[in-house]
Each structure stands twice: as C-alpha cells, then as structure tokens.
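Trainee: Residue numbering for the sequence shown follows the working numbering, starting at 1271 and increasing by one per position. Following this message is one structure expressed as structure tokens.
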Amino acid sequence: IFHILHKLSTNFEGFKTDLQSLHSSVNNLGTKITAAEARISMIEDENRLRDTQSQHLQSQLSAAVSRIDDLENRSCRNNVRILGFPEGVEGNNPCTFLTKVLPDLLGLDSSDPLEIERAHCSLGPHPPPDKRPQAFIVKLLRYPTREKILKAAQEKGRSTLQGNNISFYPDLSRDLQQKRQCFTEAHCQLLDCGIRYGMFYPASLKVTFNGVTSAYTSPEEVAAFIKTLPPRPLDPSHPPPYLLSSSTVLEWEQLCPPS
1271 IFHILHKLST NFEGFKTDLQ SLHSSVNNLG TKITAAEARI SMIEDENRLR DTQSQHLQSQ
1331 LSAAVSRIDD LENRSCRNNV RILGFPEGVE GNNPCTFLTK VLPDLLGLDS SDPLEIERAH
1391 CSLGPHPPPD KRPQAFIVKL LRYPTREKIL KAAQEKGRST LQGNNISFYP DLSRDLQQKR
1451 QCFTEAHCQL LDCGIRYGMF YPASLKVTFN GVTSAYTSPE EVAAFIKTLP PRPLDPSHPP
1511 PYLLSSSTVL EWEQLCPPS
C-alpha cells in the first residue's frame, strides 16, 4: 500500500507541475491576446479616422471638380458649337467665312456685325467623307451676340448649307454634356406628351404642366413625374388641356447669365 501511495504521490506531483506549466502558458497567452486586442482596437480607430478623412477628401475633390467644370463652362459662355458644315468649307479663314455665311443662314441683320473673336474646328483628326464632319467652335466677343445666334437658330428651326443640316448648340464641357444626355429619354417622353420643358444650366430640366413649372435635377425625378400624368386619350380629337398643339420645346437656354 505504501508503495502504491508513493507512486500516486509522484504522479500527482507530475500532474501539478504540468498544471502549473499550463497555467503559466494560459496566462502568457492571455497577456498576448490582451496586447493583440489593444493593437486591433488601435488599428480600428486609425481606420475609422482614415475613412473619415477619406470621405472628407472625397467630398472636397468632388466639390473642386464641380467648380472646375463650372469654370470651364463659364469660360465658354460666349461660344457656339456649330455642327454640319462640310469639311474644308471655311477655307483658310473661318472667321471671315462665318461672318459672311451666318447672317444669310439665320436671317440676321448683316449691318449688325457678329464680332467673332476666333473660330476653329474641334480638335481631332479629319473624319473620312462618310463620317460626320467636325464641329465648329466659335468664340464671340459679346455674350448677347451668342444669345442672338442661338435664338435665331431656334426661331428658324432648320438651317441648311449645300444640302447639309446645320445645328447650333451652346459649347459645353464633356462632363456637362454627359449629364444632360441622361435626360434624353425624358425629353422624348415629354415631347411625346406635348409638355413644355427646357434644359437650364447646368443640368436642370424645368417642366411646365398645368401652369406650374417644376425643376428636376435627375432623370429619375422626371420619370417619377411622368408616371403621375393622366393616361393619354384614345380619341386624338379630344386631348387633355396640357396637350397643346402650339406648345414649344425650349431647345436653347442660357448657359449662364452674364456677370
């Protein structure tokens, strides 16, 4: 019996040593976990701070890009973009060509000079004969002259030169053009309904319905408005009041008011 008790005592001492070693390892592991949690918490705090800073920088960048685009468009507010002139028709002096052609093309008073500051084709290689010719960019000396040209083009409707349709547009930045192009489907739907609308600077669509004018800044807002319209009548001889045959579509609007 004494021998058995001695053997058990020896085994218990071994177990005790192992338990102490395990306890020490667990304590050491707990210390490391605590340190790791502290580092993880610090990293999470730093990441949250970086996310906040990143969002702030992104907001500032978006505002800066918006201001740059606005400045670009305002710097071009005296410009007119003309599409449809055949390649090379301007010869060596685009300003002289436009000074002679535009009054006859738009029915302008030839005694009132256009005061073209400069004119050139849009940058890029010359297109092949079967492709659309390059656009003309015309910079006028005065903003009212630019408005007069666009208004005359709107009132005339269709202008042709040598069998080519000539179109006149405000000179807008690529980004702003893309924003306005997002409203193309809405334009078609409103035009189909006979509702008056106009695109205003920078990319705001104003719609006049039942004597009330509303402004929309996104195609989704316009689509939601169109869904609220009453269904179109089956009898075309009895249209609703807002389908006016004399309604006009405002194709030309001010790029921005003169300062």
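Ideal placement from N, C-alpha and C gives every residue a C-beta, glycine not left out.
In three-state terms, what does DSSP make of Leu1458?
Mentor: Taking the first residue of the sequence shown as position 1, residue 1458 is located at position 188. Reading off the sequence, residue 1458 comes out as Cys, not Leu. Three-state DSSP puts Cys1458 in a helix.
Trainee: Over the uninterrupted alpha helix (DSSP H) stretch that includes Ala1494, give me the two end residues.
Mentor: The residue labelled residue 1494 in the question sits at position 224 within the sequence shown. Segment Pro1489 to Lys1497, the alpha helix (DSSP H) holding Ala1494.
Trainee: What is the rounded straight-line gap between the Cα of Pro1364 and the Cα of Thr1483?
Mentor: In the sequence shown, counting from the first residue as 1, residue 1364 sits at position 94. In the sequence shown, counting from the first residue as 1, residue 1483 sits at position 213. Those two C-alpha atoms are separated by around 41 Å.
Trainee: Classify Thr1415 as buried or exposed, calling it buried when 16 or more other Cβ atoms lie within 10 Å of its own Cβ.
Mentor: Numbered from its first residue, the sequence shown carries residue 1415 at position 145. The residue is buried, with at least 16 neighbouring Cβ atoms inside 10 Å.
Trainee: Considering only DSSP beta bridges, list what Pro1440 is partnered with.
Mentor: Residue mapping note: residue 1440 aligns to position 170 of the sequence shown, counting from 1. According to DSSP, Pro1440 bridges with Val1350.
Trainee: When you compare the CB positions of Lys1449 and Ala1473, do they come within less than 8 Å of one another, or not?
Mentor: Working through the sequence shown from its first residue, we reach residue 1449 at position 179. Working through the sequence shown from its first residue, we reach residue 1473 at position 203. Yes. Within cutoff.
Trainee: If you drop the 5 nearest sequence neighbours on each side, which residues of the same chain put their C-beta closer than 8 Å to that of Leu1431?
Mentor: Along the sequence shown, read from residue 1 onward, the residue named residue 1431 stands at position 161. Once the five neighbours on either side are set aside, the close Cβ partners of Leu1431 are Gly1354, Phe1355, Pro1356, Val1359, Val1371 and Leu1375.
Trainee: For the 8 Å Cβ check, are there 3 or more pairs between the region 1400–1409 and the region 1308–1319?
Mentor: Flag = no, the region 1400–1409 and the region 1308–1319 do not touch.
Trainee: Can you tell me the Cβ-Cβ gap for Asn1349 and Asp1441, rounded? I've got them flagged as a contact below 8 Å.
Mentor: One-based indexing of the sequence shown puts residue 1349 at position 79. One-based indexing of the sequence shown puts residue 1441 at position 171. About 3 Å separates the two Cβ atoms, so the contact holds.
Trainee: Enumerated in chain order, which unbroken segments of the beta strand (DSSP E) with a length of 3 residues or greater are wholly contained in the region 1304–1390?
Mentor: The qualifying runs are 1349–1353.
Trainee: So which of Glu1455, Asp1462, Pro1373 and Met1312 has the shortest CA-CA distance to Glu1491?
Mentor: What you label residue 1491 is simply residue 221 of the sequence shown in a count that begins at 1. Minimum Cα distance to Glu1491 is reached at Glu1455.
Trainee: In terms of residue numbering, what span does the beta strand (DSSP E) encompassing Tyr1413 cover?
Mentor: By one-based count along the sequence shown, residue 1413 stands at place 143. First-last for Tyr1413: Tyr1413 to Lys1426, but that is the alpha helix (DSSP H), not the beta strand (DSSP E).
Trainee: Taking only three categories from DSSP, how would you classify Asn1434?
Mentor: Locating residue 1434 in the sequence shown gives position 164, counting from the first residue. Strand.
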